[in-house]
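Before any comments, here is the structure.
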Amino acid sequence: MSILEQYEPKEALHYFEELAAIPHGSGNVKAISDYCVAFGKEHHLEVHQDQLYNVIMAKDATPGYEDVDPIIIQGHLDMVCEKTLDSPIDFLKDGLDLQTDGEWVWANGTTLGGDDGIAIAFALAILASDNLEHPRIETVFTVDEEIGLLGAAEIDLSMLKGKKMINIDSEEEGIITVSCAGGLSLIGTIPMEYKKKRGTVVEVSVTGMLGGHSGCEIHKEHGNSNQVMGRTLFEVSKEVKFKVVTMAGGSKDNAIPRHTTATVLVKAGDAEAFMAAVEKQSKILAHEYASSDPDIKVVCETKKEERRMALKKSSQKKLLNALMNMPNGVQNWSMDIPGLVETSLNMGIMVLDKEGLKMSFAIRSSKATAIDYLTDRTGAMIESMGGSYTINGAYPGWEYKKDSELRETFVRVYESLFGEKPKVEAIHAGLECGLLSDKIDGLDAVSIGPDMKDVHTYTEKLNIPSTKRTWDLVVKVIATKN
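Residue numbers 5 to 486, in the working numbering, belong to the letters of the sequence shown in order.
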């Protein structure tokens, strides 16, 4: 049963709801890609699907628009899969449990996939329409954007005729994005040594943090639960001896981690002292993060006494030093654009297991040389502790285009619809526009989107009235003859 059918824009929300019913986390995109191909065939469109499951479709111009420049509408098929600890959703096989109050739509206990399902929904609604006026429409649906823009890096766009592209992968209405940072993922491993130890098992959890998108929300200075866990245990180690058994936090390098757990062993007589020391740190953190993460806390739960493989003393020192000293968060602010983060990194994933301490970072900057420096700096620190690292998913920044006919059309149409000028901005998050601009000579692109909250978290929401206004804007822009 549809929960969105009574809301506008009906066409787009219909497809958004259908897409939400298809599992489509990064790396699990075949089903949603095949859905789009079947849609294209049903509507007698030009359809191309590559081996990665990228999809390109095209629809001819409506009468009177045959000589108007084609327009590309672009978005990505995959979503970030995050959920509450008690959510029963299996992202590999289950659709999302959509909820709405008429103003916002969200998924019960999970990410919504508004990033970037709304782009695909808009494109499908335009392709399916019999009453919209438009030039030739070409849609480009890429895969695995959330894990390194992998589809955009490999897609062949040689069959496209368009030189103007509307990327619908932004999360704030009234902003036309015209430039973005480049970046990459760095994965480092530091070897650790273990020894059988006996003690009272204590589970430690850092919870209550807000997290968020490491590009869009890094400037909010939300705490990183992986770093907070390292700091907590480092400080507790000054008061009570313990041995670390396991530690893990975060599941995506481009999402600021909000929950990290650790298992430690303490001597039976030291359990209460250990918990008191953790509680002390929890209060310190609650004070320091009162503005950025007001619900932060560190909690403990004691278990029975056991023998476990725990870190040797030298490895535990190396672990805590690494988590205390690895760079994280905003590194530099732009000196040219007030309020814009220039360079940052996010330790989005941290796992301690028998292979060692594994960390995955999302590194971003609007300056390519700054990406190189921060990569070298982080890698050098990992190597200084006997570790190694690799980089992948590198993507270029998207350079500002001084003369943009598409940008000016959006500004003009937006003002005519809503009575005010939109903001034209650069962002710190990565977009596929940079990679696609390298593939289409002279590409004129903008990125837009409706209002969304808490993207990449299980409290993600999409605003329905904003979606309607953004739909109206896109529809009018594609019907505009410059």
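Here a beta-carbon is modelled for each residue, glycine too, at the ideal position from N, C-alpha and C.
Residues Val182, Ser183 of the same chain have their beta carbon placed closer than 6 angstroms to that of Tyr404, with the five preceding and five following residues left out of the count.
A check of alpha carbon separations from Glu12 across Val479, Lys485, Thr471 identifies Thr471 as the nearest. Taken in chain order, the unbroken stretches of alpha helix (DSSP H) that lie wholly in the stretch 403 to 468 and span 4 residues or more are 409 to 422, 437 to 443.
In this structure, the straight-line span from the alpha carbon of Ala280 to that of Leu190 is close to 36 angstroms. Residues of the same chain with a CB within less than 8 angstroms of the CB of Ala35, apart from the 5 flanking positions on each side, are Ile26, Pro27, His28 in chain order. Taking the C-beta atoms as reference points, Gly187 is found no nearer than 9 angstroms to Gly383. When secondary structure is reduced to three states using DSSP, Ile367 falls in the strand class.
Asp357 carries a strand assignment under DSSP once its states are collapsed to helix, strand and coil. The C-alpha of Lys45 is placed about 12 angstroms away from the C-alpha of Gln53. Close CB contacts of Ser370 within its chain, under the 6 angstroms cut and outside five residues either way in sequence, are with Ala185, Glu346, Gly401 (chain order). Bridge partners of Leu349 according to DSSP: Gly333, Ile367.
In the assembly as shown, Thr236 is a buried residue. Its beta-carbon has 16 or more other beta-carbons within 10 Å.
Distance from the CA atom of Met251 to the CA atom of Gly360, rounded to whole angstroms, is 11 angstroms. Less than 9 angstroms divides the Cβ of Glu175 from the Cβ of Gly453. Given a length threshold of 4 residues, each whole run of the alpha helix (DSSP H) inside the stretch 87 to 168 is given here in chain order: 118 to 132, 154 to 158. 9 angstroms or more divides the Cβ of Val41 from the Cβ of Leu81. For the pair Leu349 and Ser229, the Cα-to-Cα distance works out to about 14 angstroms. Boundaries for Ala272: no alpha helix (DSSP H) harbours it, and the DSSP string shows neither H nor E there. Contact between Ile122 and Phe20 holds, since their C-beta atoms are separated by about 6 angstroms, short of 8 angstroms. When DSSP assignments are scanned along the stretch 12 to 74, the uninterrupted stretches of alpha helix (DSSP H) that are 4 or more residues long and fall wholly within it turn out to be 14 to 24, 34 to 46. A residue is called buried when at least 16 other Cβ atoms come within 10 angstroms of its Cβ; Asn258 meets this threshold and is buried. In the three-state DSSP reduction, Ile386 falls in the helix class (H, G or I). Annotation for Leu447: Lys167, Met169, Leu440, Ser441 place their beta carbon closer than 7 angstroms to its own, counting only its chain and skipping 5 residues before and after. Only exposed fits Thr394, as fewer than 16 other CB atoms lie within 10 angstroms of its CB. Note on Met389: 16 or more other CB atoms within 10 angstroms of its CB, so buried under the neighbour-count rule. Sequence-distant partners of His263 (beyond 5 residues in either direction) whose C-beta falls short of 6 angstroms from its own C-beta, in its chain, are Thr211, Ser229. With a contact defined as Cβ atoms closer than 8 angstroms, Thr413 and Asn486 qualify at about 6 angstroms. Under the three-state reduction of DSSP, Gly234 is assigned to helix. Under the three-state reduction of DSSP, His223 is assigned to helix. Membership of Cys85 in any beta strand (DSSP E) is not indicated, and neither H nor E is assigned to it by DSSP.
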